Amino acid sequence: MVQRFAFHGRRPPVGARPGSLALPAEPSPRSIHVIEYGPGGHLVERDVVDVEELVEVRGAKGVKWIEVNGFGDEAGLRRIGEIFGIHPLALADVVNVPQRPKVESYEGHDLVIAWMARLVERECELEQVSFIVGADYVISFEEEEEDVFDPVRVRIRGGALICTMSADYLAYALIDTLIDGYYPVVEALGEAMETIENETIDQPSRRTMTQIHAARRLILRLARAMRQHRDALSTLARGENGRIGPEVRLYFRDSYDHAVQINEVLESYREIAVSLMEMYLSSLSIRMNEVMKVLTVISTIFIPLTFLVGVYGMNFEYMPELRQRWAYPAVWALMVGVAVTMVIFFRRKGWIGGGEEDDAEAESDEPRGGPTA
Amino acid sequence: MVQRFAFHGRRPPVGARPGSLALPAEPSPRSIHVIEYGPGGHLVERDVVDVEELVEVRGAKGVKWIEVNGFGDEAGLRRIGEIFGIHPLALADVVNVPQRPKVESYEGHDLVIAWMARLVERECELEQVSFIVGADYVISFEEEEEDVFDPVRVRIRGGALICTMSADYLAYALIDTLIDGYYPVVEALGEAMETIENETIDQPSRRTMTQIHAARRLILRLARAMRQHRDALSTLARGENGRIGPEVRLYFRDSYDHAVQINEVLESYREIAVSLMEMYLSSLSIRMNEVMKVLTVISTIFIPLTFLVGVYGMNFEYMPELRQRWAYPAVWALMVGVAVTMVIFFRRKGWIGGGEEDDAEAESDEPRGGPTA
Amino acid sequence: MVQRFAFHGRRPPVGARPGSLALPAEPSPRSIHVIEYGPGGHLVERDVVDVEELVEVRGAKGVKWIEVNGFGDEAGLRRIGEIFGIHPLALADVVNVPQRPKVESYEGHDLVIAWMARLVERECELEQVSFIVGADYVISFEEEEEDVFDPVRVRIRGGALICTMSADYLAYALIDTLIDGYYPVVEALGEAMETIENETIDQPSRRTMTQIHAARRLILRLARAMRQHRDALSTLARGENGRIGPEVRLYFRDSYDHAVQINEVLESYREIAVSLMEMYLSSLSIRMNEVMKVLTVISTIFIPLTFLVGVYGMNFEYMPELRQRWAYPAVWALMVGVAVTMVIFFRRKGWIGGGEEDDAEAESDEPRGGPTA
Amino acid sequence: MVQRFAFHGRRPPVGARPGSLALPAEPSPRSIHVIEYGPGGHLVERDVVDVEELVEVRGAKGVKWIEVNGFGDEAGLRRIGEIFGIHPLALADVVNVPQRPKVESYEGHDLVIAWMARLVERECELEQVSFIVGADYVISFEEEEEDVFDPVRVRIRGGALICTMSADYLAYALIDTLIDGYYPVVEALGEAMETIENETIDQPSRRTMTQIHAARRLILRLARAMRQHRDALSTLARGENGRIGPEVRLYFRDSYDHAVQINEVLESYREIAVSLMEMYLSSLSIRMNEVMKVLTVISTIFIPLTFLVGVYGMNFEYMPELRQRWAYPAVWALMVGVAVTMVIFFRRKGWIGGGEEDDAEAESDEPRGGPTA
Amino acid sequence: MVQRFAFHGRRPPVGARPGSLALPAEPSPRSIHVIEYGPGGHLVERDVVDVEELVEVRGAKGVKWIEVNGFGDEAGLRRIGEIFGIHPLALADVVNVPQRPKVESYEGHDLVIAWMARLVERECELEQVSFIVGADYVISFEEEEEDVFDPVRVRIRGGALICTMSADYLAYALIDTLIDGYYPVVEALGEAMETIENETIDQPSRRTMTQIHAARRLILRLARAMRQHRDALSTLARGENGRIGPEVRLYFRDSYDHAVQINEVLESYREIAVSLMEMYLSSLSIRMNEVMKVLTVISTIFIPLTFLVGVYGMNFEYMPELRQRWAYPAVWALMVGVAVTMVIFFRRKGWIGGGEEDDAEAESDEPRGGPTA
């Protein structure tokens, strides 16, 4: 399992004025989808084509969720910022991805940066999602259009509890969905580590090493992100920024709890990965040693024998043994005797033959259960 | 010693509304056992079949311990929640196991999540036990029926001190029982590590490596759980949640102390496990080196001899030695001399013969006392 | 990538009175450039030749940026200190480089020490830049004249937002430029590490080792600097020193955020570097093992054969085989048979031939994406 | 140096009511010695046989030191608790050893748990000593009778300063004696580590490894204990528990200081032990490599020579050299030449002969001074 | 570079009454030098022979610096304590060296313990220097007479700023001189590490290992001392003990800053030392591997050749090749062919000849710049 990034670091040039936007060279087209809802079944959905329509949206009653997918042109973005009174630094953090997951308070709104994690073809993809949380609206910014928020949309359309709650609960529902999205990733990672673990014990190859290294880097990255999410959620759960009501804080505490749990699992993966590297090294060395041992034993058995046959290959005139009828078979007998004695000796010492048994034993004792949880 | 989990991670789908319950596919049947008691020998026990009976239970005088084993159907669980005013998020934490050990305050009740550790056939099993602690009742939720709380039941029936105390003391008695249940597990783990230690020094095999790795993972997991229990107990001992009376806080401080002690033992196991891995690697390398040394020494002794016999196997016409009567015995004498000289030289250098002595010495100096405590 | 320092540690002798200045043996000439600006397009730039002109500068209206490049003579420096009321200890920290990045409050002014990082011919160069931040002026001290502040100068000349802000914003603009200057360095470092990573897997040589070591030292140094910058910026962002207005604090928070981000990337580089060292060691050992395995296998195949030909080189009179016509080809057949059997056996065991496949597999599975971010 | 425990973990069964006492199967007989003293030379000593005598002791004027050696029967212990109003949980901590070193406040008295360390036949023995500190008395509990408090007894009998001070000073005097008892243990440990260090460099054997491992475990255990003593002493020195007067706090601060110092020494031992393990591994590998190098060089020199003599052992009819008179000596000359060339080449490369010089150099540069302090 | 201690641990026996002095067996003679100074050029210096003269000194106007070199007899020391009202515990800390660097407040005076570091013949020597800081006097205690405070004496005699300041500034001047004395030590250590680094890459020997180990221990020790100095200076700089005036606190902050800087350098040395150990191990293994590779290649080339000549040494009657005129040269040609093919094959595989190139490459890429700073 490796990681893939939907975004690559984009920053304005060094020394640019603060609040400069670094849009991608080929900006993705922008689509804006607005959902207005409120108690009593009030629910309006619409796609916004012209940014100016948002002036009207802003003024509407009820809770507004403005979903912005793709950044589009700079002028439009700046106009959105103007309409909702977004601080230029906040807007810059939305556009100049990646920013670390965080919560920042500005006058009139909060900025929440989160990273979405998804599995795409067995690879882990991370993407920044930014939220501007105002008194009665939430703007979500994503660079690519995804269906990750579909369940929330369904809940709103279904007139669930969410419709009777204020904008901070909407923010919670969106962020919670992102955090929960880490669970399948972490589970897949756990399964991948189990596979690596088995490979480490049974078939350590160079591929195992690069896989352990890759897993370690992915864990490092996810743990770092999750730690920052956790801190951000703790800020929200304790209501430090003053925008989250006491009821919704309970919900954020639940989200915070999930972040803590995922983080702990990742921390233990990290230690397991270190342990795997050590096991890999030792597995490699055991395997090599077994090979060398067998080969060296073979050489060692034949070397004295070769010496013996060399002795009777000497051309001295007076070697009485050479004349005896029984000498040749006797030498063979001697050599077989030497070889058998050495094999028995080596077996007793456990230098040959023991390797296979170790394997058998080991198989029956492999750690059960994966590293998950 | 490996770990086994009675529960596997169950979560509602990503994006589900908060408070969703993820019951197991085949829910275990639910049995509810209620004990009401109070000062003056008041004691009523009954098995509740219909959830509605709990309305009456709730209204009863005295302290109520409602033991729920198995989750049963969702409707029944929700009804229990309604009767006792359990917050939906608290109920979700009870059902969607595993949650990390923690204490959370809600209006009217606290939620305490703890993990029970037991030894089942030399394996460590963990199971979540959840407590809803109200003003005059404690509800305990377990997924499988266990007899772990039997001693508490016996104490209540015996009219011990516990009968004169309030619900927070009951909560203490139950949680303390869970925490103390870690002692036998940790002791068994200590014994297992001693066995591994001896094996590491005497007979390092691939099995040793997987065992060290498995022990490390189990330690990691237990230490993580115990750290969280410790933090939760510290919250209770300091009375932060406002529900624990000053007298019972002393008892929780005692429990907290046990958690600290177990945690410290686990922390030292962790360091010992790292040290064991290093010892294993070096044991392996010493053992291999000894084999290679002996084998190489054998080769090295025979190689010059083989060269010598080769010399007199040459077919030159004018090799005066070949004609001499004494030449053949002389060559033998020379060869024996060379071999003996080399053996003496190798012995002096400590390259052969020393290995055995090392073994003997080492045996008399093995660390006494296990890693326990 | 290695590091280079523009400055070498200069300190006054041990026991010198505090505030002593340790100027370089050959002091670089001093050039002073002043920019005065204010709202309404007020903008004056001038090069100051005589230090006494600064008296007039100090008295002028608007925000003053006094850029001092090169320290020049001690008397001049002390006079500058006098004119602006700089505390002798602050002046000593400006001159006796390197000081750690920090913020210190003195009466009437603050001292900010920062380290500039730049890439010069693929090497990382660090240089101390010091700022004296007063109520309406900023003095920047650099030992060598650089064009790093050009973008800020351009922004002032262009009459941008900066012209309407006070001196603390100017300080922010300058410091932010320095911090952002770490991005390209860190990115280059990330690329260098990717190169090392590939080399570690494919061609581990002694050069790889010294490169990993050098990278580790550079990371260590940059992370240390960045950690201190972060702490200094946190002080400024929280307005602890009482000189930064609430509006500008938001900007410093942004800078602080960049420092945190760079720091986190460096921390992960650090772990990756440790992992690289382990991979290097294991790569080395795998590669060596492959060589040894092949060579040992060759020896092992030939040793029994050599024994066999030795047998028939013996000079016994009664060796019936020697007389047979078919004996010589039979021995050849036997030897080929032995050799083939051994090769097949070794192949089955995976001792030969498997190495190449491992390589192929490994190549298709290298971790994608560099260590950046 | 290994560790030995005078006590083995004793706990009541899981689920037992809090305050249960787990006395050893064969309880050691209890002896109680009381010293009453006060200003003006007031001094009474007596051995208490019947527990009831303590009622009178409690009522006596002056400071009382009740020394309880051996726990005896449960009823007697509980009676002592009753007389002095000891909380059941405190009494349980005294009996159910080992408890971690700590200070706990109860109504009317404090509980101080400390661990005594002593050297017994070159082994480190740990034993729990518990103190109940009341307003005008100190009860000390030890499981085995020791003479560790003799110096304090002598000071009291000698009418020293201690006789004019209150009970908290007595508690200080006793605890300080225990803490100072770690100095000789730590010094012996330091000497043991120096011995191991020399062995690691000069004669690394399997015994060295088990010794390093044992030392590491002992250090781990002592450091853990000392850290907890330090925290407990810090509580006392800051007077947090409200029982220690301001004058005596200064003395506890001194004790705290000793604990910090011992702890720091142990922390550095810990790092040194890790370094020793690495040195051991590398020593082992150097030593092995030297052996292998010499042996391999010997083989390598003889292998081409053996080939050469093999050439002239061939039975071709037309080998003109075989007929020449000078051929045999010439082959000898050639062989000597090849051997000498190879030896010179190997020497130049530093593959032989260098080992001894390394030894010599190393000896003159061994780290002087032990790891102590 | 190794460490040497001018003092060895001296403690009173376990259980001695607090404040006991453990003077060296052969106490160094005591010399007392007093400097009185004040504003307006007031300056008196004198050598005190009789301790009683200090009564008069204490009463004198102006700031008094009483320099005590060598402890002399206990009675005299106790008398000095009496005259200046030094707390017995403070006096014990002065005499019973080593104490950890610290600041402690007593009634009427503070105790400052610092460790002086000096280079003596390329070795690092540490010595405790203690200061009693009163309202208008500073007593400095040193066990051996050193000229380390000469620069301060010169500054006082020269009538510098110091003469107009109070006793706390004198304390600062003395302590600052000690702290700055670490700079040359740390620089020498940095140079030593650079030398070790080069040796590690070019000529790894057993000596290198003991040097790395020794450096590591020295770094450990210095870092520990410096960390404690830093904490003590932080206490002084924040004026926590209430004796340091606000002006002098600025100066202590400067000293604190130096301690932080030295500490950070030592921390990075520590990481570099760990990295060096790893490089050493890998250097060793590369070097060994190169040797073994060359030797094994030589063996491997000759083994098939030896087999070949063995074939034609067989004594079969019917070996047609033996009769052919061209057979002998043909066998030679075959053998040369086999050898050349193998050499080419090995070269292609990079098993021979590559080692030298690696060396060359490595040399051009060694990390530039030492570990300093």
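Chains as they are written, first to last, in this note's numbering: chain L, 4 to 376; chain H, 4 to 376; chain S, 4 to 376; chain P, 4 to 376; chain E, 4 to 376.
Here a beta-carbon is modelled for each residue, glycine too, at the ideal position from N, C-alpha and C.
In this text the structure is predicted, and so the values were computed from the model without any measurement.
Look at Q131/L here: in three-state DSSP terms it is strand. Contact between L24/L and N99/L is confirmed by a C-beta separation of about 7 Å, below the 8 Å threshold. Listed in chain order, the positions of the region 319 to 332 of chain S with a beta carbon within less than 7 Å of a beta carbon of chain E are L325, R326, R328, A330, Y331.
For the region 154 to 175 of chain L, the beta-carbon criterion of a distance under 9 Å to any beta-carbon of chain H is satisfied by P154, V155, V157, R158, A163, L164, I165, Y175. By the rule that beta-carbons nearer than 7 Å mark a contact, H232/L does not touch chain S. Distance between T299/S and I304/E, taken at the CA atoms: about 12 Å.
Looking at the backbone, the Cα of A262/H and that of E145/E are separated by about 48 Å. In the three-state reduction of the DSSP assignment, D53/P falls in the coil class.
Neighbourhood of T309/L in chain S, by CB distance below 7 Å: T309, F310, G313, in chain order. Secondary structure note for Y109/P: its beta strand (DSSP E) is the uninterrupted segment 105 to 109.
In this structure, the straight-line span from the alpha carbon of M345/L to that of A336/L is close to 14 Å.
For G12/H against P101/H, the beta-carbon gap comes to about 6 Å, under 8 Å, which counts as contact. Between the alpha carbons of R14/S and L94/L lies a gap of roughly 46 Å.
The beta-carbon of H216/L is placed less than 7 Å from the nearest beta-carbon of chain S. Bounds of any alpha helix (DSSP H) do not take in L114/P; it lies within the beta strand (DSSP E) bounded by 112 to 123. DSSP, read as helix, strand or coil, puts Y185/L in helix.
Contact between the region 136 to 150 of chain S and the region 47 to 56 of chain S is absent: fewer than three C-beta pairs spanning the two stretches fall below 8 Å. Taking a Cβ-Cβ threshold of 8 Å, the residues of chain E close to Y283/S are S285, in chain order. Distance between L225/L and R230/S, taken at the CA atoms: about 21 Å. Under DSSP, E70/L takes part in a beta bridge, and its partners are H36/L, S143/L.
Assignment of V100/L by DSSP, reduced to helix, strand and coil, places it in the coil class. Take the alpha-carbon of S288/E and the one of H216/H: they are about 26 Å apart. One thing to note: A176/P has its Cβ no nearer than 7 Å to the Cβ of I222/P. E128/L places its beta carbon less than 7 Å from that of R121/L. Leaving aside the five residues that flank S133/P on each side, the residues in its chain whose CB is nearer than 6 Å to its CB run, in chain order, V97, I116, F144. Taking each of L308/H, I265/H, P91/H in turn and checking the Cα distance to V343/H, the smallest one comes out for L308/H.
Per DSSP, the beta bridge partners of L46/E are Y40/E.
With a cut-off of 8 Å on Cβ pairs, the region 243 to 253 of chain P is in contact with the region 162 to 177 of chain P, counting three or more such pairs.
A direct Cα-Cα distance of roughly 15 Å separates M212/S from R290/S. With a 10 Å radius around the Cβ and a threshold of 16 neighbouring Cβ atoms, E147/L comes out exposed. The shortest CA-to-CA distance from K67/L to any of A333/L, R256/L, P207/L, Y40/L is the one to Y40/L. Secondary structure of V151/S (DSSP, three-state): coil.
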